Structures are given as C-alpha cells and as structure tokens.
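*Asks:* Each number in this note's numbering comes from the position in the sequence shown (counting from 1) with 41 added on.
Sharing a structure, written as structure tokens. Questions coming.
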Amino acid sequence: MTVTERYDYVVVGGGPAGMTAASRIKRLKPNARVAVFERSGFVSYAPCGTPYYIGGLVDSLGKLVHYTVDEFRRRGIDVYTNAEVVEAGQGFVRVRFSDGERVYEWGKLILATGARPRLPAVRGLDLEGVLTLRTLEDAERARRHVLEALRVAVIGAGYIGLEVAENLRRLGKEVLILEILPHVMPTLDGDMASLVEGELRRNGVDLHLSEGVRELEGDGRVRRVITDRGAYEVDAVFVATGVAPEVQLAGRLGVKLGPTGAIAVNRRMETSVEGIYAAGDAAEAVNLVTGKPDWFPLAPVANKMGYVAGANAAGGYAEFPGAVGTAVTKVFDLEIGRTGLTEARAEREGFKPVPAKIRAGTRSSYYPGAAEITVKLIADRETGRLLGGQFIGREGVLARVNTLAALLMRGATVEDLFFADLGYAPPFAPVWDPLIVAARVLLRELRGAD
Ligand code: NAD
Numbered sequence: 042m043t044v045t046e047r048y049d050y051v052v053v054g055g056g057p058a059g060m061t062a063a064s065r066i067k068r069l070k071p072n073a074r075v076a077v078f079e080r081s082g083f084v085s086y087a088p089c090g091t092p093y094y095i096g097g098l099v100d101s102l103g104k105l106v107h108y109t110v111d112e113f114r115r116r117g118i119d120v121y122t123n124a125e126v127v128e129a130g131q132g133f134v135r136v137r138f139s140d141g142e143r144v145y146e147w148g149k150l151i152l153a154t155g156a157r158p159r160l161p162a163v164r165g166l167d168l169e170g171v172l173t174l175r176t177l178e179d180a181e182r183a184r185r186h187v188l189e190a191l192r193v194a195v196i197g198a199g200y201i202g203l204e205v206a207e208n209l210r211r212l213g214k215e216v217l218i219l220e221i222l223p224h225v226m227p228t229l230d231g232d233m234a235s236l237v238e239g240e241l242r243r244n245g246v247d248l249h250l251s252e253g254v255r256e257l258e259g260d261g262r263v264r265r266v267i268t269d270r271g272a273y274e275v276d277a278v279f280v281a282t283g284v285a286p287e288v289q290l291a292g293r294l295g296v297k298l299g300p301t302g303a304i305a306v307n308r309r310m311e312t313s314v315e316g317i318y319a320a321g322d323a324a325e326a327v328n329l330v331t332g333k334p335d336w337f338p339l340a341p342v343a344n345k346m347g348y349v350a351g352a353n354a355a356g357g358y359a360e361f362p363g364a365v366g367t368a369v370t371k372v373f374d375l376e377i378g379r380t381g382l383t384e385a386r387a388e389r390e391g392f393k394p395v396p397a398k399i400r401a402g403t404r405s406s407y408y409p410g411a412a413e414i415t416v417k418l419i420a421d422r423e424t425g426r427l428l429g430g431q432f433i434g435r436e437g438v439l440a441r442v443n444t445l446a447a448l449l450m451r452g453a454t455v456e457d458l459f460f461a462d463l464g465y466a467p468p469f470a471p472v473w474d475p476l477i478v479a480a481r482v483l484l485r486e487l488r489g490a491d
C-alpha cells in the first residue's frame, strides 16, 4: 500500500457538515493539514435550493454553491472533488479518482457522508428519465429532463416531492403525485396534512394517496408508471421516497450505529472509535422531546453538528445538545412548519398527547392583508409539557414554529408558552398571538375547566 500523503485531518464528504467541520478545524488549528474528499463534483452546496433551480426560480447552479473548491484551497484546506473514499481503515483511506486510486493517512477522521435516496423495490428505476434529487449533478440532469417533458410523476409526497411538484407546475408541467400513505407529509398529522392536500389540488396537481407503485415501464426511457390501482403515461418520474444514512464506511471502520441506523455519537460528535467523529445526515442526535437517539436529516442540524465535530477534533470543546425536528417548507402559497412530535408519534412514544387546534388571523383584524393560520399544539396530559406543534398558513409560520422550537428545546410547559413575552404590532400579529391562543385552548383542555 503506497501512501500518497499524510493529513492530520481527513473529512469524508464535502456537504454542509463536512465543510463546516473542515473550516472549524482550520480556524482553530491553522497549521494542521486538512483534506476533504467528496464523491460529487461540488462541495459546500445547498441541496435545499435544487427544487428551485429545476423550476427556474434560481437561474444557475453556481448560485447554490456557497464557496468554491478554490476558495477553500486558498484557506489551506485540500479539497478533492470527484474523489470517492472506497475503503477506510485505522489511519488510512483509499480514494478513487477518475485516473486511479490513491491512499491517504489520517490522524483524525470526520465522517460526514450524509444520506442517500432510499429507493422503493420496483422494477424500472434504471430507465432514462427516472430522477432523484440529492446533488447538484442530479439537479442538472433533472432540469434537462423535465424541460422537455409534458407529464411528470412524483413518487413520494414528502419535502422533496412537494417542493419539486410546485416547481414542475411553475414550468407548466402536468404533475401526478403518488404517495403510499393515506396523507401527504408524514411529519405532519393527517388533519393538518389535509390542508396541504387542498392546496396541491387547487394548483392543479393530480394527487393520489394510498397508492403504491409497482413498476416503471419504458423502452429505455420511462413511459409508464404502474401502481396497485392503475397505469399512467409519463415522460419523467421523480423518486422522492425518503433518505437513508450513508454508513458503509462507518461499518468498515467498526464504528457503531445507533437504533435509527445512523452513526451513534455522543454530544461531542465522537463515535465509538477513538479519533473518528461523525456529523450531518450520517449521524444520530438526541431528540430533546423523547430524550432518545433520533435521526434528523435536516440542513441546520447538519451544519451545527459539523461545527461541533470540527471544534472537538481540533482539540477544543463543544457539545451538540440535540434537536427537536424543526422543519419548514412552502407548497404553492402555503407556508408549513412543524417541530417536535406529531400527535401520532407522541402516542407511539408513550406520552398521553392532548392536541389543540385553532384558526386565527396572522395580523390584527383591522390591519389590511391579514391571512389565516392554523395552529396545532400537542402537550402531555400528565406533565403539561409541550410535545410539538404544526403551523399552516399563508404567512407568519416561521416566527411561530421557531418560537415553539426554542421552548421545546428547554422542556417548556403549555403555561410557559401562554406567558411567553412575544412581539406584537398590528402589521405582524394580533395582540393575542395565534400561538398564545392555541396555548390558552390547550390549557383549558389540560385543566378541564375554563
Ligand atoms: P421524506 O421522508 O420527506 O418523504 C418521503 C415520502 O415518500 C413520504 O411521504 C413517504 O410516505 C413516501 N414514500 C415512501 N415510499 C414510497 C413508495 N414506495 N411509494 C410512494 N410513496 C412512498 O423524504 P424526501 O422528500 O425524499 O426528502 C429527503 C430528506 O430531505 C427528508 O428527510 C427531509 O428531511 C430533507 N428535506 C427537507 C426539506 C425542508 O426541510 N424544507 C426540503 C427537502 C428535503
């Protein structure tokens, strides 16, 4: 085994977590030799922007790259793209480039390998025009295909499926969504998801729920989707059926996985093997509502994990406390936010969830332009602790879901929320904010009296 170079730190994966970790290490230890190996052609890119590139709202892929490879190199980080780590062992990685394989040694290793699309077990996934969305290369390929398509099927009505569906409609495409579950967005409760379903249908999306795909058919190129209920002629198919953590290298290194299947880490992002850290979508984090290990494949969590892993690897001290699963998205004109546990999940986790759902105006009733927001809050009957919340409306979702998220991270009760000192002025909120109104209804439910 001929070693090409020796690095103090090797980061596997140049996504948000990997690049944040590498930057942190270089900042704290300017003389350290740091390398990043990235399988795709880009590092430090914003995968969350790709649906908007497909729809043409973002007009160039370059805008989705925060810093280029050259910018990192100028900072003294050796970034290798189109460089896949194919083998790893104690102190070394073997990397495949287009012109062959090379071996590099490391002193400390950061696994930021991310997640990959989880594909359903159906025939025809290898047909041309069957698309997934993860990297910028995926986005480029997808845009090329959909521009010439008339009818596009989207399999899976989660975050990617719905964001892609909206952008396909923006391009004037006929859009068919096939979702295997009885409602869209499994991170919402069914009663809230029905508001999203209405918005999709109002915007011309042909939405099919409880419909599983059996096979994709074509003549080299995809032409038909066969489901358990019918067959549909299509020109392209997006498969957005969820993601799974990329943990193959971790397995080869003897790094332990946790109950979710992602890499088990402590609060310093240390894995079970000394000198090896994990961060981002490949790693678990504590769910601060359940207190158990959980998996949050979300960009803000990944970035922070990278920051903490980098700081600790470089000899500093930082802890990542965990997360509550806060996510927001937009589906046509609806803003959607969720944090903590859904009512269904709270039940499964052994809580005694009490829900309260209200509809209220987003601004003072006399102030022009107010929209409606639906708020669902969930609390535990026994302790009065907040467990989660969901928000859907045409404006004002982000501030409210963020407020609740911060409280959830601190184990707050419904009463804490009711008395939270929130901002008010007629253009932004009614004097009794919808969040406070929901807390008031929940208090009544919990106490059984007015
Ligand atoms: P997802 O988990 O959000 O949704 C997957 C959907 O596919 C679910 O509704 C699921 O029921 C459905 N599904 C699974 N198997 C199916 C099958 N065989 N047939 C039909 N439907 C099926 O996953 P995603 O949309 O692929 O997104 C990937 C990850 O990216 C998510 O975990 C999310 O955290 C993240 N993401 C977040 C945002 C955001 O926060 N705004 C945006 C994009 C992506």
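By construction, the Cβ of each residue, glycine as well, lies at the ideal position given by its N, Cα and C atoms.
All of these numbers come straight from a predicted model, not from anything done at the bench.
Less than 8 Å between the CB atoms is what I'm expecting for P92 and E204, so what's the real figure, rounded?
*Replies:* Their Cβ separation, rounded to whole angstroms, is 4 Å, which keeps P92 and E204 in contact under 8 Å.
*Asks:* Please identify the residue among A87, I118 and G292 whose C-alpha is closest to the C-alpha of R65.
*Replies:* Out of A87, I118 and G292, I118 has the C-alpha closest to the C-alpha of R65.
*Asks:* If you scan the region 337-362 from start to end, which runs of the alpha helix (DSSP H) of 4 or more residues do you find wholly inside it?
*Replies:* 340-354, all fully within the region 337-362.
*Asks:* Determine the closest residue to E456 out of Q431, L439 and L418, with distance taken between C-alpha atoms.
*Replies:* When each option's Cα is compared against that of E456, the closest is L418.
*Asks:* Whole angstroms are fine: how far does the CA of R185 sit from the CA of E413?
*Replies:* So the alpha carbons of these two residues sit roughly 38 Å apart.
*Asks:* Using the Cα positions of R116 and A62, report the straight-line distance between them to the nearest angstrom.
*Replies:* Distance between the alpha carbons of R116 and A62 is about 14 Å.
*Asks:* If you count every other CB in all the chains shown that lies within 10 Å of the CB of D269, and 16 or more means buried, which is it?
*Replies:* It counts as exposed.
*Asks:* So, with DSSP's three-state summary, where would you put E258?
*Replies:* Three-state result, E258: strand.
*Asks:* Among the residues of its own chain, which have a CB less than 7 Å from the CB of L314, if the five just before and after it don't count?
*Replies:* The sequence given here places Val at residue 314; Leu does not occur at that position. Taken in chain order, the residues that qualify are L294, G295 and V296.
*Asks:* Per DSSP, what are the beta-bridge partners of N123 in this structure?
*Replies:* Beta-bridge pairing links N123 to no other residue.
*Asks:* If you check the beta carbons only, do T380 and V395 fall under 9 Å apart?
*Replies:* No, they are not a contact pair.
*Asks:* Compute the distance between the beta-carbons of T282 and G199, then report whether it is under 9 Å.
*Replies:* Yes, these two residues count as a Cβ contact at 9 Å.
*Asks:* Compare the beta carbon distance of N353 and R309 with 9 Å and say whether it is the shorter of the two.
*Replies:* Closer than 9 Å, so yes.
*Asks:* Give me whichever residues DSSP pairs with V134 in a beta bridge.
*Replies:* Answer is A129 and Y145.
*Asks:* Where does I377 fall in DSSP's three states?
*Replies:* Strand, per DSSP.
*Asks:* Does the Cβ of Y93 lie closer than 8 Å to at least one heavy atom of the ligand NAD?
*Replies:* The answer is no for Y93.
*Asks:* Can you give me the Cβ contacts of A340 inside the same chain, cut-off strictly under 7 Å, excluding the 5 residues immediately before and after it?
*Replies:* Excluding residues within five positions, the ones whose Cβ falls inside 7 Å are P57 and C89.
*Asks:* From R404 to P227, what distance separates their C-alpha atoms?
*Replies:* Rounded to whole angstroms, R404 to P227 spans 29 Å at the Cα level.
*Asks:* Please find out if some non-hydrogen atom of the ligand NAD comes closer than 8 Å to the beta-carbon of P286.
*Replies:* No.
*Asks:* In the DSSP assignment, find the unbroken alpha helix (DSSP H) run with G302 in it and report its ends.
*Replies:* Careful: G302 lies outside any alpha helix (DSSP H) and carries neither H nor E.
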